[in-house]
Every structure is written in structure tokens, then in C-alpha cells.
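Trainee: The numbering used here puts the last residue of the first sequence at 998; the count rises by one with no breaks. Positions of the beta carbon are idealized from the N, C-alpha and C atoms, including for glycine. On a predicted model such as this, the values are computed, not experimentally measured, just so you know.
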Amino acid sequence: MTSAPRAPGQGDHVFLVDGSSFIFRAYFQSINQDARYNYRSDRLPTGAVRLFCNVLHKMIKEGVMGKKPTHLAIIFDKSEDSFRKEIYPDYKGHRPPPPEELVPQFPLMRDAVRAFGLRPVEQIRYEADDLIATYCVMSVRAGADVTIVSADKDLMQLIQPGVVMFDPASGDQKAKGSRPERLIGEAEVFEKFGVTPDKVVDVQALAGDSTDNVPGVPGIGVKTAAQLINEYGDLESLLARAGEIKQEKRRENLIEHAGLARISRELVKLVTDVKLETPIEDLIAPGLDAKGAIAFLKAMEFSTLTRRIAEDSGLNLDDIPPDEKLKIPDSDFSVAPARPAAKAVIDTTGLPVPAGPADAGTPAALVESVKAGLIAIPFKTDSYETIGSLEALDAWVARAREQGYVAFDTETTSLDALQADLVGFSLALEPGHACYVPLRHRDKADLFGGGTMAGQVDPVEAVKRLRLILEDPSILKIGQNLKYDTLVMGEQAVKVAPYDDTMLMSYVVDGGRGNHGMDELSVRHLGHKPIAFSEVCGSGKSLIGFDQVPIERATAYAAEDADVTLRLWLLFKARVVAEGMTTIYETLERPLVTVLANMESRGIMIDRQILARLSGEFAQSAARLEAEIHELAGETFNVGSPKQLGDILFGKMGIPGGKKTATGQWATSAQILEDLADQGLELPRRIVNWRQLTKLKSTYTDALPTYVNPKSGRVHTSYSLAATTTGRLSSSEPNLQNIPVRTEEGRKIRTAFIAAPGCKLISADYSQIELRVLAHVADIPQLTKAFDEGVDIHAMTASEMFGVPVAGMDPLVRRRAKAINFGIIYGISAFGLANQLSIPREEAGAYIKKYFERFPGIRDYMDRMKAECRANGFVSTIFGRKMNFPAIESKNPSERSFVERQAINAPIQGSAADIIRRAMARMDQALVKAGLSAKMLLQVHDELVFEAPEEEVEATLPVVARVMEGAALPALALKVPLQVDARAAHNWEEAH
DNA sequence: CGGTTCACG
DNA sequence: GACGTACGTGAACCGA
Numbered sequence: 007m008t009s010a011p012r013a014p015g016q017g018d019h020v021f022l023v024d025g026s027s028f029i030f031r032a033y034f035q036s037i038n039q040d041a042r043y044n045y046r047s048d049r050l051p052t053g054a055v056r057l058f059c060n061v062l063h064k065m066i067k068e069g070v071m072g073k074k075p076t077h078l079a080i081i082f083d084k085s086e087d088s089f090r091k092e093i094y095p096d097y098k099g100h101r102p103p104p105p106e107e108l109v110p111q112f113p114l115m116r117d118a119v120r121a122f123g124l125r126p127v128e129q130i131r132y133e134a135d136d137l138i139a140t141y142c143v144m145s146v147r148a149g150a151d152v153t154i155v156s157a158d159k160d161l162m163q164l165i166q167p168g169v170v171m172f173d174p175a176s177g178d179q180k181a182k183g184s185r186p187e188r189l190i191g192e193a194e195v196f197e198k199f200g201v202t203p204d205k206v207v208d209v210q211a212l213a214g215d216s217t218d219n220v221p222g223v224p225g226i227g228v229k230t231a232a233q234l235i236n237e238y239g240d241l242e243s244l245l246a247r248a249g250e251i252k253q254e255k256r257r258e259n260l261i262e263h264a265g266l267a268r269i270s271r272e273l274v275k276l277v278t279d280v281k282l283e284t285p286i287e288d289l290i291a292p293g294l295d296a297k298g299a300i301a302f303l304k305a306m307e308f309s310t311l312t313r314r315i316a317e318d319s320g321l322n323l324d325d326i327p328p329d330e331k332l333k334i335p336d337s338d339f340s341v342a343p344a345r346p347a348a349k350a351v352i353d354t355t356g357l358p359v360p361a362g363p364a365d366a367g368t369p370a371a372l373v374e375s376v377k378a379g380l381i382a383i384p385f386k387t388d389s390y391e392t393i394g395s396l397e398a399l400d401a402w403v404a405r406a407r408e409q410g411y412v413a414f415d416t417e418t419t420s421l422d423a424l425q426a427d428l429v430g431f432s433l434a435l436e437p438g439h440a441c442y443v444p445l446r447h448r449d450k451a452d453l454f455g456g457g458t459m460a461g462q463v464d465p466v467e468a469v470k471r472l473r474l475i476l477e478d479p480s481i482l483k484i485g486q487n488l489k490y491d492t493l494v495m496g497e498q499a500v501k502v503a504p505y506d507d508t509m510l511m512s513y514v515v516d517g518g519r520g521n522h523g524m525d526e527l528s529v530r531h532l533g534h535k536p537i538a539f540s541e542v543c544g545s546g547k548s549l550i551g552f553d554q555v556p557i558e559r560a561t562a563y564a565a566e567d568a569d570v571t572l573r574l575w576l577l578f579k580a581r582v583v584a585e586g587m588t589t590i591y592e593t594l595e596r597p598l599v600t601v602l603a604n605m606e607s608r609g610i611m612i613d614r615q616i617l618a619r620l621s622g623e624f625a626q627s628a629a630r631l632e633a634e635i636h637e638l639a640g641e642t643f644n645v646g647s648p649k650q651l652g653d654i655l656f657g658k659m660g661i662p663g664g665k666k667t668a669t670g671q672w673a674t675s676a677q678i679l680e681d682l683a684d685q686g687l688e689l690p691r692r693i694v695n696w697r698q699l700t701k702l703k704s705t706y707t708d709a710l711p712t713y714v715n716p717k718s719g720r721v722h723t724s725y726s727l728a729a730t731t732t733g734r735l736s737s738s739e740p741n742l743q744n745i746p747v748r749t750e751e752g753r754k755i756r757t758a759f760i761a762a763p764g765c766k767l768i769s770a771d772y773s774q775i776e777l778r779v780l781a782h783v784a785d786i787p788q789l790t791k792a793f794d795e796g797v798d799i800h801a802m803t804a805s806e807m808f809g810v811p812v813a814g815m816d817p818l819v820r821r822r823a824k825a826i827n828f829g830i831i832y833g834i835s836a837f838g839l840a841n842q843l844s845i846p847r848e849e850a851g852a853y854i855k856k857y858f859e860r861f862p863g864i865r866d867y868m869d870r871m872k873a874e875c876r877a878n879g880f881v882s883t884i885f886g887r888k889m890n891f892p893a894i895e896s897k898n899p900s901e902r903s904f905v906e907r908q909a910i911n912a913p914i915q916g917s918a919a920d921i922i923r924r925a926m927a928r929m930d931q932a933l934v935k936a937g938l939s940a941k942m943l944l945q946v947h948d949e950l951v952f953e954a955p956e957e958e959v960e961a962t963l964p965v966v967a968r969v970m971e972g973a974a975l976p977a978l979a980l981k982v983p984l985q986v987d988a989r990a991a992h993n994w995e996e997a998h
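1) In terms of alpha-carbon separation, which member of 392, 687 and 587 lies closest to residue 888?
2) Give a yes or no on contact between the region 87 to 97 and the region 140 to 154, applying the rule of three or more CB pairs nearer than 8 Å.
3) Nearest to residue 400 by CA position, among 444, 424, 434 and 471, is which residue?
4) Cα-Cα, which of 959, 908, 899 and 968 is closest to residue 931?
5) Could you compute how far the alpha carbon of residue 811 sits from the alpha carbon of residue 759?
6) Whole angstroms are fine: how far does the CA of residue 996 sit from the CA of residue 550?
7) Residues in its own chain within less than 6 Å of residue 875 by CB, not counting five upstream and five downstream?
8) If you follow the alpha helix (DSSP H) that residue 829 is in, where does it begin and where does it stop?
9) Helix or strand or just coil, what does DSSP make of residue 628?
10) Which residues does DSSP pair with residue 765 in a beta bridge?
11) Residue 79 lies in the beta strand (DSSP E); which residues open and close that run?
12) If I measure Cβ to Cβ from residue 487 and keep anything under 6 Å in the same chain, skipping five residues before and after, which residues do I get?
13) Ignoring anything shorter than 3 residues, give me the beta strand (DSSP E) runs that lie fully in the region 707 to 778, in order along the chain.
14) Go through its chain and collect everything with a Cβ distance to residue 19's Cβ below 6 Å, but skip five positions before and after it.
15) Where does residue 439 fall in DSSP's three states?
16) By the three-class DSSP mapping on this structure, what secondary structure does residue 256 have?
17) Below 8 Å CB to CB, which residues in the same chain sit around residue 599 once its five sequence neighbours on both sides are set aside?
18) Can you check the region 617 to 664 for any alpha helix (DSSP H) of at least 4 residues that lies completely inside it and give the ranges in chain order?
19) Just to confirm my understanding: we take residue 850, look at its own chain, exclude 5 residues before and 5 after, and list those with CB closer than 7 Å. What are they?
20) Along the chain, where does the beta strand (DSSP E) that runs through residue 987 open and close?
21) Which residue wins for smallest C-alpha separation from residue 162, given the options 201, 227, 672 and 802?
22) Pick from 959, 265, 923 and 936: whose alpha carbon is nearest that of residue 950?
23) Please classify residue 665: is it buried, with 16 or more other beta-carbons within 10 angstroms of its beta-carbon, or exposed?
24) Tell me which residues share the same chain as residue 406 and place their Cβ nearer than 6 Å to its Cβ, disregarding the 5 neighbours each side in the sequence.
25) When the distance is taken between beta carbons, is residue 133 closer than 7 Å to residue 5?
26) Given this structure, state the Cα-to-Cα distance separating residue 580 from residue 570, to the nearest angstrom.
27) Applying the criterion that 16 or more other CB atoms from any shown protein chain within 10 Å of the CB defines a buried residue, is residue 864 buried or exposed?
28) Excluding the 5 residues flanking residue 625 on each side, which residues of the same chain have their C-beta closer than 7 Å to its C-beta?
29) Pick from 873, 79, 979 and 54: whose alpha carbon is nearest that of residue 66?
30) Which whole-angstrom value describes the C-beta separation of residue 620 and residue 707, a residue pair presumed to lie in contact below a C-beta threshold of 8 Å?
31) Verify whether the separation of the beta carbon atoms of residue 426 and residue 529 is less than 7 Å.
32) Could you spell out the range, first to last residue, of the alpha helix (DSSP H) harbouring residue 911?
33) State the start and end residues of the unbroken beta strand (DSSP E) segment that holds residue 189.
34) Taking 7 Å as the cut-off, decide whether the C-beta atoms of residue 245 and residue 264 are in contact.
35) Distance check for residue 251 and residue 130, CA to CA, integer angstroms please.
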């Protein structure tokens, strides 16, 4: 694989690859991908090397934009000792040390180059950029074309006729955050710097560069610099005539800091006459050394590329052993666990199929090392930076961009994101390294009460800078409960993408093992208790807004939160992958953040007049009932007090058969009162009715109007994504998942939920989704058949159990079968069923026995879940979401059987929850694709509520139904069809 | 702030 | 064999 050295000339094509900058980009690209690809089986980090090899191979094989190289050099930085440090000791002074996982990949990268039949080029005291510049200039002089493979802006100064830059596509094409390949010529340079390539250094000299710590002139950014250079021609002319500049501050700065500008220019200007140790003749491209490449790639365990090169070259893979020096020593390999299963396939609808069973063999070693690393860095509250200027903020923006990820947290005046004013925000780049940007802290001592505290950043400008981070597709935003911050930023018309949410990552790996709030996670995983919100803002009566908090205190609190979030992310990132939960997280959790934020910010319209009228009616009826109750009781008492009521009913009046609650009080639940009413007693009946009316009034008709947002005129609930043990959502403030529907009086409240003018509400709900899931997981042929044929499932159950025909069935018989069906889902017991149906326990027991005889698969399923939970401590949904039940180990039999019932119910409820989550994740795109403008407003476990323009309703209904019915696909083909009923009307009552 | 009750799936 | 009971939520109210 050797070719005779030959200098490039006319018609040749020289490729100069910036190996050093590529290493970093490949690394940050790799950590955003499925981590199982980022390590060799002995946990050697290789992700960046893999991406590097892919690009290297493509370049040698295909060239760039159809042109193949005659000369090719992969050029690296030799060490930190750039001659630039001699000019300016702080050059690149802010650079953090490279990530730990990247360090071993530096030498591997050079090994890769050699293995492919090339020579890595590097030279002491010079950066890769200088070598590239020198080779570039030599080649152009000799008449050759040059392609610089890099995206580094510092190389843009080299672009000229015959020289282009090429930014290769990053990583795997479908991977998140990957960029397409891109050619950079004069036009692109002009777009970035506002000048032609030969003037780029002058612009950089003025604007400086925070990532390399090039100072530039204070107060001058790229825009201003470009304008000045274009006006005055070049840097020296500008500095000579600086006195002419009109803007006072700018003029002074240019005069005062002319020296800085000249040093800066020297720092950014690339050296084009390096005395090369590797002569340009040696860059001659020899073609791929397939054998060497395969040996290397085998040792790295990059199977896809290994195979591809073998196929291309016609070599037999088995003939080539892995590179001896690099392969895993045999002794290690024998104990190394098997590699995890292949990654999920991406299907055409964009939702990945879940990976196989949990990667049980994956060592926890990585997680442990991450954890140890995190705890090793102490929390130092006073080390956090308070950002007091836009320049300081810009530096953080630049660092975030360079790093590719940043933890982010907003501080506001309210827990309600839609009523909150942004007071400040914090960022964290690495453990212990965080800042807070105060925007709107108010000085209470100010006599006029609204004075702004000193030392803050202009909020409008700061949000512009923040937008550069939050909307940058190449920067991963990391938050804890990011839905909140997404809503806050949404109010400023700023989007947040891409993102990770540590609360949700915790939920997928630790669902059921405690809550997922930040303070709790910090204590649990980092052994550190962060400053509590109440310590900063007080609580109850003494609660103050965050804008009243002194900035120093605010920094300690807010920056710490970002620091904690970043550390938690590093930990959960490793755990989510190690525990095989990536697909669950990415398909069932993460997409819901924006989906729910959108739903919450839309809100739903309510008719306050209807509610006010109902409140009046309920009040009147309740007052009448209350008078009658006092009359019947013979005394006035607080009807709303179960204690007083119990004393009257079972004490004073001496009604027999009273039951006590766990605390020894008389139980007065509706069930008990209704039993008494059935015995002909008037008082309990009236109390039941009174309770219903006062419940409807206080919880709904009185309360709902107080939730109307004054800005939108609508009601905005808040959904919690990580609150339940099963994967369901929960809704609060107000809870719109428990709006009455079961009674006629209650349903009236639904008529107050209305569509905006010109629109209708669409309600689409899954029919019997949990029973369908049960039919699937327990594999019950009769149930499956009944769902296939669309027959009445409860009637079928009754017919099967009691041997009566479906036609003309006694409603009582059907009701019993229905109760049993639901009981099964809840982990049935004879006691519970007896209670539900008000029948003797023996009778209930007999029904259950009969049921199990007819549907033996049900009993198998229940036993299976109990055993599984006992063995693993968790059960799973059909998509693989885990739900932990640590209390399954309990010695207390009653507690244990409680957990067993949970273990039976959870996969059913949880799978149904997963299905509707999948539907929600896809819904927006499906509607847009169909050209429809319907918007999702609410989710009620098995129902989605939309608002749609009247003229689009007919077209919307089938789209919604299709997405919901197909939500399990393609990950899973259920054994039963899913059925969705969708209707539209002007209010929720009629649509439902 | 825990207990009780009741609205929903 | 004991043990308390259907599964999952959130809100209002009482009373200490």
C-alpha cells in the first residue's frame, strides 16, 4: 500500500482533514447516540473513533462531492504547547480539560489513521490549523485544488478560488442532532462573518472569540466588526483612522485596545510557512489499506464498517485477525459480558420498536464510575458565577455551543408557568461549574417599590442570547421537569429543542422507587441536599416572589439547581442506557414534554355563565336539603362533618349496623348511607344528595372560574408526567381528569366546557382499552374473539359464565359480569367483588371460581405477574416500561397482597397509558400532515379532547381515530383491535 | 397536616 | 395462617 511520493500539481486534489476538531465533534455527537455503540465490550470508550472511521472510510472511498483525493492528510494538534501561548498566555485558557471518555480515544484516532494506510500529521508548537494552512497555500501555488475537511470557523480565512471547506455529515443519518454534510465557500463565509474570507482574520481580531479566549476589542461583536472592516478596508487602516468613528464608546475602545486587536489578529491568523516535518509529497493518497483497516476495526468491534470494507475489498473477514496491540486481551474478554442486543429498528412512522429484554448483562461499572466521578466533585455554593453583563453571558453561550449540551433552569415569580414572570435563569456546563443570570430582581428597599436591583442583565437582550442556546439544534438542553421551563420560555416565544429531562429519566429507571423531584433525587443519588426553595422564598404567609430574593442568594440557589440537574443527567444518561430503557424514554416520555406543554398553554374555554347559574341552583337545592336534614335530625349540625354526622346517625339516633373506619370513627361513606336509605331511612338519602350537590359546587362550579387565566380567558390545567406508578398522567390545578360524567346533575358541568367560536370540541375515547389489553396480555381466546367481532364484552362474559344467551339478557346478570371484568383488572378478591355487588362473599367467591374456570388464562396471568414481581421487584408494560414495587418484599401479609394486586393491575393500566402516550406523541404530526388545524387540549386516560374549526371536523375525526387505533403499531401487533369512538359538538357533554 | 369523602379513568 | 381488601389519581373539607 505504498505509492511513490509526489508533490501535488495541476489537476490534483488535496484533502486536508482537521483531525483534532473532528475528534471533539465526533465525541459530542457520539454521546447523543445510543451508548451501546459508544463502548467496546470491555467498556473502552470508542464512540468518537467509530464516527471518525465512518467519515474517513467514506472520504477515501467516495471523495467529497464527487472528487477523489490524490493527496490526503489527517492533521492533529500535537499538544497544548501552541506558539500562540507565547504571544498570549491565556490563549484557549478557558478550555476545560477534555472529557474523561475522550482521552483514550486520542491515540486510537491516530491508530485508525495508520490502519487505514495513512500517516497522521502533527508538529510540535503548531496547531493543526497552521499545518493545514501551510499545506493549503503550497498546494494552491502548485495549481492543485484543496478541500479542507472541517467546520472550524478559524479555517475559513483560507477559502479562496480553488479552496473549499467541507463539513461532513455527522454520525448516523437518523440520529438525533445529526447534521447533513455541507460545503463551505465564500458565500457561507460571508454569511457567517459578513466579509470575504481574506478579511475574516480582521473581523476575528476585533470581535474576539470566547471559545479560544481571543480577547478582541470590548464591545465589538462580529456584526460591528464586519461593518467596520468593510468600511475601512482592513484592520490596520481602521486602527489608524479610529479617531473618525462617531460612536464615542466604540472610538475609545478601538483606540485604547488597538494593541489587543493586533494581538488577537496574530492569534487567529494562521501560519502559512511552517517548516514542515512531513513533506507535502508524502501526502500522496495510497488508497485504502483494507487489510489494516479490518484488523483495526475488528479490534474496535465496529462490525458494520468492518463488514462493509470486507465486502468492498473482496477480503474474507475470517482471514484477518483483529489487531494484536489493540484487541481485548483474552483473559479480559472471557469475563466480559455479551454485548447488548441490536438497537431498535426505526420504522416508517418514526417511533422506534422497543429493544429486546433488559440488558441484564450490561455491567453497572460505567454507572458506578460516573457516580463516583460526580460525588468526587464537591458542591461549592460560593463558586457559582453571577452573570452581570451580556459579554459574560455570551461566553457561556459559546461554551454551551462548543460543548453541545448545557443544563438549564428558569427562576420565576410563580409555580404556575403560564402566570410566571421570568426573573432569571441558570446554566451549568459541568459538575461544579454553573452560573445564574439575574434579569428582573426588584429592590424592595426602593422607595417607589419597583426599583431594579443593580448588577443584572437586560432581560430582552439576555433572552435573545438564551434563545441562541435553547433553539440551537446542536445543543442539548438538560432540565429537571422541563415542561415548566418550556412553558415559561414559550411565553417569550422561545422554543426548547432538543432536550433531556432528568425527572423523566429518573421516572423510567426508578418509577415506583420514590418521587422524582430534584431535591429528593439529589439527596438520593448525589448525597447532597440542595438549598430548599422555602429557605430562599419562605413559605405560607411569609412567601416572597423570587424577584425579591437578593441576587447573591438567588445565584447560590439557582446555579446549584442547574449544577444538580447536570450531575443527575450524567448519572441517568448512563443508567437509562445501561438498563435498556432508552427506547422507552425516547418514545413514551421525552416527546410528551412538548406535547403537554402545548396542550397546557392552549387551555380550554369555559362558559362562566353556565357555571354561575349551576352554582346558584346547587346552592339552593343544598340549602333546602340542609334544612330538611336538620329537621329530620332534630338539631342543627355541620352536615359536612363526617364526625358529627356519625355521632348523630349511629349515636343519638341509634341506627344499627354502623361500621367504623380505621381510626375508630363512624364510617359515613355514600355506600353506607345508601344502604341505610335502601332500608327506608330518609335522612341518609338526603345527606347523600346534599353531599353530591356541595361537592359539585365547591369542587367544580365555584372553583373552575377561579382558574380562568386572565390573559387567555381559558382554563389551563397542569399535567404531571412522573407522578403515577403506572405511567398514567395526572392533572391538577385544576384537575380536568375528574370532571363529573356519571350523574345527570354532574354532567351539566360538562356543558360549560365549550369550543372557541367557529370551532367544535372533539372527544375521542378508546373503547374498553384495559379489557382489550387484558385480552392481549392474558391471551384469552374468547375475549379476543368477542373484540374481533365487536360484540358486547360484558354480555359475552355473562353468557360464557352463566350459560345464558346474549340476546334478551337480564341486565342484572350483565352488571355482575361487568363488575367481575373490572374486578379482574384490579386484582380481584371475593371480598372486593362482594362489596361492589352487595352480595355475600361466598357468592362472589363462586363467581370468581367460575370465571377462572372459563378463562384459565386470566388466572395464569395473575399468577405470572405476582411471581414476576416477587422475583424482579418490578413488572412491565407490553412496551417494556418498568414499574417497581419494592414493597413486594414486605413481611406484612396485607401490605404484600396489596402490592400483588398492584402488580396485576399495573401492566394493564400501564400498557393502556403507554398506548395513549404513543398516540399523543404522533398526533400533532399526523394532523399537520393531513392539513388539519385541530389541536389537542385534554387527556383523560383513555380519551383525548381536541378543538377544531367547524369546517374541518369531519376530516379530523377519522385522522384522530386512525392515529389512536394504530398507536401500538408498529412496535407491537396486539391480538385485539383497538376501537376509538370520536364525536364532535359545541360542548364536552355532547361530544363525549 | 392527616383523615375522610368523592369526582374521574 | 394471618391480614384487610378491589387499581390509579386530585381536591375540598373537617378538626386537631
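Mentor: From the atom records:
1) Sequence index remark: in the first sequence, residue 888 carries index 882 (1-based). When each option's Cα is compared against that of residue 888, the closest is 587.
2) no
3) In the first sequence, counting from the first residue as 1, residue 400 sits at position 394. Out of 444, 424, 434 and 471, 471 has the C-alpha closest to the C-alpha of residue 400.
4) Working through the first sequence from its first residue, we reach residue 931 at position 925. Nearest C-alpha to residue 931: 968.
5) In the first sequence, counting from the first residue as 1, residue 811 sits at position 805. In the first sequence, counting from the first residue as 1, residue 759 sits at position 753. Residue 811 and residue 759: Cα-Cα distance of roughly 41 Å.
6) By 1-based counting over the first sequence, the position of residue 550 is 544. By 1-based counting over the first sequence, the position of residue 996 is 990. Spanning the two alpha carbons is a distance of roughly 44 Å.
7) To locate residue 875, count along the first sequence from 1; it is residue 869. So the qualifying residues of the chain are 881, 891, 894 and 909.
8) Position 823 of the first sequence, counted from the first residue, corresponds to residue 829. Unbroken alpha helix (DSSP H) run through residue 829: 817 to 831.
9) Taking the first residue of the first sequence as 1, we reach residue 628 at position 622. Residue 628 falls in the helix class under three-state DSSP.
10) Sequence index remark: in the first sequence, residue 765 carries index 759 (1-based). DSSP, once it has assigned bridges, lists 955 as partnering residue 765.
11) Taking the first residue of the first sequence as position 1, residue 79 is located at position 73. Here the beta strand (DSSP E) through residue 79 covers 77 to 81.
12) Locating residue 487 in the first sequence gives position 481, where the first residue counts as 1. Excluding residues within five positions, the ones whose Cβ falls inside 6 Å are 509.
13) Counting only runs of at least 3 residues, the region 707 to 778 fully encloses the following beta strand (DSSP E) elements, listed from N- to C-terminal order: 724 to 726, 736 to 738 and 765 to 772.
14) As a first step, residue 19 must be located in the first sequence, where it is residue number 13. Cβ contact annotation for residue 19 (same chain, cutoff 6 Å, sequence separation greater than five): 73, 75, 76 and 151, in chain order.
15) Taking the first sequence and counting its residues from 1, the one referred to as residue 439 is at position 433. Note: residue 439 maps to strand in three-state DSSP.
16) To locate residue 256, count along the first sequence from 1; it is residue 250. It is helical.
17) Mapped onto the first sequence, residue 599 falls at position 593. If we look at residue 599 and ignore the five residues flanking it on each side, its Cβ neighbours are 488, 489, 492, 505, 507, 510 and 727.
18) 648 to 652
19) Numbered from 1 along the first sequence, position 844 holds the residue referred to as residue 850. 836, 839, 840 and 843, listed in sequence order.
20) As a first step, residue 987 is located in the first sequence; it is residue number 981 there, counting from the start. First-last of the beta strand (DSSP E) with residue 987: 986 to 991.
21) Mapped onto the first sequence, residue 162 falls at position 156. Ranking 201, 227, 672 and 802 by Cα distance to residue 162 puts 201 first.
22) Mapped onto the first sequence, residue 950 falls at position 944. Selected option, being the one with the closest Cα: 923.
23) The count along the first sequence starts at 1 and reaches residue 665 at position 659. Flag for residue 665 reads exposed.
24) Sequence index remark: in the first sequence, residue 406 carries index 400 (1-based). 412, 475 and 481.
25) Look at the range of the chain in this structure, 7 to 998, and you will see that residue 5 is not part of it.
26) Within the first sequence, residue 580 is the residue found at index 574, counting from 1. Within the first sequence, residue 570 is the residue found at index 564, counting from 1. Rounded to whole angstroms, residue 580 to residue 570 spans 16 Å at the Cα level.
27) Within the first sequence, numbered from 1, the residue matching residue 864 stands at position 858. Flag for residue 864 reads buried.
28) Taking the first sequence and counting its residues from 1, one reaches residue 625 at position 619. Answer for residue 625: 703, listed in chain order.
29) What you label residue 66 is simply residue 60 of the first sequence in a count that begins at 1. Checking every option, the nearest Cα to that of residue 66 belongs to 79.
30) Here the question's residue 620 lines up with position 614 in the first sequence. Here the question's residue 707 lines up with position 701 in the first sequence. Confirmed, Cβ separation roughly 5 Å.
31) For the purposes of this step, residue 426 is taken as residue 420 along the first sequence, with counting starting at 1. For the purposes of this step, residue 529 is taken as residue 523 along the first sequence, with counting starting at 1. No, they are not a contact pair.
32) For the purposes of this step, residue 911 is taken as the residue at position 905 of the first sequence. Unbroken alpha helix (DSSP H) run through residue 911: 899 to 935.
33) Counting from one through the first sequence, the residue named residue 189 turns up at place 183. Start and end: 188 to 190.
34) For the purposes of this step, residue 245 is taken as residue 239 along the first sequence, with counting starting at 1. For the purposes of this step, residue 264 is taken as residue 258 along the first sequence, with counting starting at 1. Note that the C-beta distance between residue 245 and residue 264 is below 7 Å.
35) Taking the first residue of the first sequence as position 1, residue 130 is located at position 124. Taking the first residue of the first sequence as position 1, residue 251 is located at position 245. For residue 130 and residue 251, the distance between alpha carbons rounds to 42 Å.
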